[in-house]
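Have a look at the structure below before the remarks.
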Amino acid sequence: MANNIKDGFTSKFGIIAAAAGSAIGLGNIWRFPYILGENGGGAFLLIYLLCIILVGFPVMLSEFVIGRDTRLNPYGAFKELSPGKPWFIIGILGVFAAIVILSFYSVVGGWTLEYLYQAVLNNFENKNINDFDKMFNNFISSPFRPLLWHIIFMLINFFIVIRGIEEGIEKFAKIMMPVLAIILIIMAIRSLTLPPMTENSKAVDGLIFLFKPDFSKINIGVIFNALSQAFFSLSIGMGALITYGCYIKKDDNLGSSAFIVSMSDTFIAILAGLAIFPAVFAFGFTPQAGEGLVFKVLPVIFQSMKGGYIISILFFICLFIAAITSSISLLEVFVLTLMQQRNYSRKKASIIGFLIASIVGIACALSWSVLSEVKITLPTSSGEMYEYNIFSMLEFISVKFLLPIGGLLISLFMGWVYGKERIEYELSNENTLKVWYIHFLMILIKYVAPIAILMVFLNGLGISIF
Ligand code: TRP
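The working numbering puts the first residue of the sequence shown at 370, with every later residue one more than the last.
This is how it looks when you write it as structure tokens:
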């Protein structure tokens with residue numbers, strides 16, 4: 370099949386910026402802290418790091434290899450690599466996951482815009498943590514504003530993706546990602562040095578919560594959540610990095626790029642944890658505060674900082690950029706697939722992707738207001754009942770099902786069908802680089818990753834649902 374890739378990253382830094390742009394996003398700053406909070410802190414972090422190294426990294430590298438080798442979208446790539454076999458199902462699941470993730474992702478992307486807007490209006494001033502709690506809950510339970518911001522966020526996505534692998538956003542990301550890291554470092558320092566706000570609340574308890582593993586907290590549900598969070602955060606399991614891999618030049622070192630991307634992603638997630646948890650404890654707040662955690666805690670920290678007004682604006686700009694550089698990679702999966710498989714123009718493919726994700730996203734945006742009665746109750750791994758609204762249901766289906774299944778199939782395919790020779794050939798840039806880690810990598814891809822995913826997934830399913 371002919372690929373019609375004309376764009377391409379011009380430098381190694383360009384690839385890393387784009388792939389890290391995809392990986393680093395709301396998953397790190399918005400999702401990671403509250404999932405960690407809900408899963409017991411330090412023990413979760415430890416398992417999460419193991420998931421990144423043993424499963425996440427090999428799957429990420431596999432996606433880059435498939436993408437650069439075939440220069441095709443996930444669906445087309447598996448069709449070409451294994452004609453007549455059903456591996457292309459990975460591509461179908463991937464496109465489906467892209468749309469589902471994009472629709473709820475865009476809603477949260479919209480929240481970042483609302484908060485940017487509030488920051489500019491100086492509406493955070495003189496509010497305490499309870500005010501922010503109310504402010505967030507009022508915002509998501511109103512029908513109009515979340516919907517409006519979601520559509521605006523999708524439109525911005527659309528205008529970027531329709532231009533192709535855009536020079537602009539890439540350059541912008543290269544500047545804004547480091548700025549984001551610096552702001553998070555400043556916030557972490559501030560968070561750690563906050564005075565106690567109530568009698569027994571100490572910032573340092575946040576550090577203990579984050580880093581001290583309490584092994585009694587580890588159960589299969591926690592492992593399942595860590596694994597799926599690792600997939601979500603690294604942007605793997607549905608072909609987004611196969612898609613970006615298409616644009617990587619033949620002489621770039623895939624191994625070191627994947628390593629740098631996964632490390633920076635992990636670094637930003639931990640940094641977000643350092644900015645959040647000491648403050649949560651200093652304010653005597655509960656660490657499990659759910660989806661709103663970041664939107665409730667960080668604005669309070671801004672209040673206590675000199676120059677908080679400017680920093681809060683900068684922070685939400687960065688968060689928005691982190692979100693948009695991730696969401697374009699989701700839309701791009703869909704767009705590249707339609708362009709290559711259906712011969713659609715980029716414009717037509719982008720319009721279709723925009724429309725579908727916007728419409729599904731409307732249901733997500735209204736999940737706490739007009740559609741708040743649409744709910745499904747399922748048992749969690751600890752046996753309690755959990756009520757899912759449309760938003761959390763779509764998040765659940767994509768992050769807990771589609772990504773692990775995709776990751777499992779990708780590692781099985783790489784280990785057992787594509788095979789060591791071709792992997793080594795691609796990673797060594799046609800035998801010009803030495804792939805010293807190939808044996809270790811093959812053990813991870815052939816055995817460790819698939820067995821780990823399968824075990825965690827089946828157990829997680831058995832206990833948490835149905
Ligand atoms: N990794 C992004 C984040 O952490 C989200 C994301 C972008 C994603 N592309 C993806 C998640 C592909 C899964 C698959 O915010």
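All C-beta atoms in this analysis are idealised placements derived from N, C-alpha and C, irrespective of residue type, glycine included.
Item, Value
"Counterpart residues of T746 in DSSP-defined beta bridges", "E756"
"Reduced DSSP secondary structure (H/G/I, E/B, other) of A658", "coil"
"Distance cut-off 6 Å: G390 Cβ against heavy atoms of ligand 1", "no"
"Whole-Å CB distance - S475 paired with S696, under 8 Å assumed", "6 Å"
"Whole-Å CB distance - I605 paired with M429, under 8 Å assumed", "5 Å"
"Neighbourhood of L415 by C-beta, 7 Å cutoff - its chain only, sequence neighbours within 5 removed", "P582"
"Presumed contact (8 Å Cβ cut-off) between S560 and A644, rounded CB distance", "5 Å"
"Cβ pair S698, S391 closer than 7 Å", "yes"
"Any non-hydrogen atom of ligand 1 closer than 6 Å to G396 Cβ", "yes"
"heavy atom of ligand 1 below 6 Å from S431 C-beta", "no"
"Neighbour-count burial assignment, E539, 16 or more Cβ in a 10 Å radius", "buried"
"Limits of the unbroken alpha helix (DSSP H) element including S738", "Unbroken run through S738: none, as it is neither H nor E."
"Short Cβ contact (7 Å threshold) for A466 with L781", "no"
"The alpha helix (DSSP H) enclosing M632, as first and last residue numbers", "623 to 651"
"CA-to-CA distance, L802 to E407, given in whole angstroms", "43 Å"
"Spatial distance of K503 from A389 (CA atoms)", "34 Å"
"Contacting residues, own chain, Cβ-Cβ under 6 Å from G396 (five flanking each side not counted)", "F601, S602"
"Coarse secondary structure for S833, derived from DSSP in three states", "Here the model assigns S833 a pLDDT of 48, short of 50, so the residue's position is not dependable and the matter cannot be decided."
"Y787 classed as buried or exposed, judged by whether at least 16 other C-beta atoms fall within 10 angstroms", "buried"
"Cβ-heavy atom distance, M607 to ligand 1, below 6 Å", "yes"
"Environment of N499 [buried if 16+ CB atoms lie within 10 Å]", "exposed"
"Limits of the unbroken alpha helix (DSSP H) element including I690", "677 to 711"
"Contacting residues, own chain, Cβ-Cβ under 7 Å from L715 (five flanking each side not counted)", "Reading off the sequence, residue 715 comes out as Arg, not Leu. So the list reads I531, G533, V704, M708, once near-sequence residues are dropped."
"Residue from F809, G383, Y613, I554 with nearest C-alpha to I854", "The question about residue 854 has no answer here: the residues shown for the chain are numbered 370 through 835."
"For R437, the first and last residue of its enclosing alpha helix (DSSP H)", "426 to 439"
"Close Cβ partners of F426 (< 6 Å) along its chain, the five nearest in sequence each way excluded", "S631"
"For G776, the first and last residue of its enclosing alpha helix (DSSP H)", "772 to 781"
"Backbone secondary structure at S585 - three-state DSSP", "helix"
"Span separating the alpha-carbon of L450 from that of R437", "12 Å"
"For F493, three-class secondary structure by DSSP", "coil"
"Where P564 sits in the DSSP three-state scheme", "coil"
"F580 beta carbon less than 7 Å from that of G411", "yes"
"S698 beta carbon near ligand 1 (any heavy atom closer than 6 Å)", "yes"
"Span of the alpha helix (DSSP H) around K381", "381 to 392"
"Whether F636 touches G575 by CB criterion (7 Å)", "no"
"Simplified DSSP state of M762, which is helix, strand or coil", "helix"
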